[in-house]
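Q: Quick one: this structure, given as C-alpha cells, is what I'll be asking you about.
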Amino acid sequence: MNHEYHEYLTDRFFVEVNIRNIDIKKCIMSYGPCRPDIVFPITKKEDGSSYHFPSYYYEQTLKSDVKIPRFWLYYSVGLDCVYCETCWLFANRHYSYFKNAWIIGINDWPNLTNKITTHEKSLQHIETSKTCSLWKQNETIDKISERQYSEEALFWRNVLERIIKIILFLTADNTALRGHEHKKCNFMRSVQLLAEYDPILNQLLNDEKINKIIQLEDSK
1 MNHEYHEYLT
11 DRFFVEVNIR
21 NIDIKKCIMS
31 YGPCRPDIVF
41 PITKKEDGSS
51 YHFPSYYYEQ
61 TLKSDVKIPR
71 FWLYYSVGLD
81 CVYCETCWLF
91 ANRHYSYFKN
101 AWIIGINDWP
111 NLTNKITTHE
121 KSLQHIETSK
131 TCSLWKQNET
141 IDKISERQYS
151 EEALFWRNVL
161 ERIIKIILFL
171 TADNTALRGH
181 EHKKCNFMRS
191 VQLLAEYDPI
201 LNQLLNDEKI
211 NKIIQLEDSK
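The opening position of the sequence shown corresponds to residue 1 in my numbering, with each subsequent residue numbered one higher.
Here you go:
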C-alpha cells in the first residue's frame, strides 16, 4: 500500500462497511472529510479511452454559478472510488429501499454526473441526511451541556475553596461564626465583605436562590 494512503485516516478503505460502534462514527465525523485534492489514478477502458475522478464533483454548481459543497461526497484513495459518507454511517440496512452501491463505492467516472444526481434524489440519501443532521445537532447540544456542567462544577469548587478559607480564618482565633444575637453572623459578614473584591463570591451572592437562603438565615 502506498504510504500516502495513511494521510486519510477516515478513508473507507480502512474501516468496515457496516459500522455499529457509535464511537467509531463519532471519530470519523470529528476527524474531518476524506476529500483529497491529488493526482487521481487514471482508469483505461477497453476502447482506449481513459478517465479519472474530477475533484470538481466535490461541489455542485447551480444555474447562478454559485458553488455549493457536496458534504456527503468523499473519495477513497485506497479504493479509487467515491462514496457517500452519510449513507455509509447512517443508512438503515433493514429498509426495503436500501442500496449499498454508494457505500461500497462508485468508480463509473463517465456516468458519474447521472449517478450523483440519482443518488441525491433517492429516498435513502434524503432520510440518512436527516438522520445525520439530527445527530450533529445532538452532538452540539451534548457538547454545550458538557461545557456548562464543567463550568458549573468549577464555579462551585471555587466557592467551596473560599468558604473553607473563611471558616479557617475565623476559627483560627476562636471567632464565633454566628456572632451575637440580632446581628449578622461573622461568617456572612466576611463573605459579603470579600464579595466586594472577589468575582466568584460576588456572583454567588447575586444569585437569587442564594439570596433567599441568606435572608432566611438572617431572619432567624
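In this text, a Cβ means the ideal position worked out from N, Cα and C, and glycines have one as well.
1. Counting beta carbon pairs with one atom in the stretch 95-104 and one in the stretch 53-62, are three or more of them shorter than 8 Å?
2. In the stretch 18-67, which residue ranges form an unbroken alpha helix (DSSP H) of at least 4 residues, counting only runs that do not cross its ends?
3. Compare the Cα-Cα distances from V301 to each of D198, Q137 and E127 and report the closest residue.
4. Report the partner residues of C81 according to the DSSP bridge assignment.
5. Which runs of the alpha helix (DSSP H), 4 residues or longer, sit entirely within the stretch 146-201?
6. Is the CB of V191 under 8 Å away from at least one CB in chain B?
7. For H52, which residues of its own chain have a beta-carbon under 8 Å away from its beta-carbon, when the five flanking residues on both sides are left out?
8. With burial defined as no fewer than 16 other Cβ atoms inside 10 Å of the residue's Cβ, what is the status of Y83: buried or exposed?
9. Thinking K143 and L89 are a contact (beta carbons under 8 Å), I'd like their distance in whole angstroms, please.
10. Apply the 10 Å Cβ neighbour rule to Y74 and answer buried if 16 or more other Cβ atoms are within range, or exposed otherwise.
11. Quick one: give me the first and last residue of the alpha helix (DSSP H) that T10 is part of.
12. Give the single residue among N114, N107, E127 and K121 whose Cα lies nearest to the Cα of R93.
A: Checking against the coordinates, here is how it stands:
1. Short answer: they don't touch.
2. 22-31
3. Given a span of 1 to 220 for the chain in the structure shown, any question on residue 301 remains unanswerable.
4. C81 pairs with S76.
5. 186-195
6. Absent from the structure: chain B. Only one protein chain is present.
7. F40, P41, I42, T43 and W109
8. buried
9. 19 Å between Cβ atoms; not a contact.
10. Under the 10 Å beta carbon count, Y74 is surrounded by 16 or more other beta carbons and is classified as buried.
11. Looking at the DSSP string, T10 is not in any alpha helix (DSSP H), and its letter there is neither H nor E.
12. E127
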